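5 is the number of the first residue of the sequence shown in our numbering; add one for each residue after it. Here a beta-carbon is modelled for each residue, glycine too, at the ideal position from N, C-alpha and C. All of these numbers come straight from a predicted model, not from anything done at the bench.
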Amino acid sequence: MPTYRTRTFLRLALAAQTLAIFFQAATAGLLLSSPSTETLHSVGARVMYGATMLYVLAAILAWRPGGASARPILHASLFLTLASVQVILGIAHVPSLHVPLGVLMFALSCLALAQQLTVNRDDGAREAEGVPEASSSRR
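Rendered as structure tokens:
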């Protein structure tokens, strides 16, 4: 299982990604009313992409030390692919796809964060009860 540090890093990376995507939604709304906020949205896109790469790194580090499931790496890699498509659509000025993909990315990031927080809480409760993680059943 991942260590406490790697779990925390994974949660923080997911939280940073989720907040960056939310910031992008806010600056997109500002962009509709004031074209001068394009720079803010552009900088936010770079931060969001960096946060997504950090999520991939955190997923790899959480998997490697304890031999946990590689599923978070798959999720993070797919998310990085979505982020790449999002950046391409933004640069190409295709709002009919860029905006809905942003909404989807925010929803998926929220779900991934909620899942990580729930998994960690469940594991912590089992550890507090003295139940080994390997013998606990996963749903």
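| Is DSSP giving H97 helix, strand or coil here? | coil
| Cβ pair T31, L44 closer than 7 angstroms | yes
| query | CA-CA distance, E42 and L35? | reply | Cα to Cα, E42 sits roughly 6 angstroms from L35.
| field | Proximal residues to A96 (C-beta, below 7 angstroms), its chain only, five neighbours per side dropped | value | Result list for A96: empty, nothing under 7 angstroms.
| DSSP three-state call for T10: helix, strand or coil? | helix
| Where does S73 fall in DSSP's three states? | coil
| query | Alpha carbon to alpha carbon, what distance is there between V98 and S81? | reply | 23 angstroms
| Three-state secondary structure assigned by DSSP to S140 | For S140, the predicted model reports a pLDDT of 45, less than 50, meaning its position is unreliable and no value from the coordinates is stated.
| request: Rank T56, I77, Q21 by C-alpha distance to the C-alpha of I64 and give the top, closest one. | output: I77
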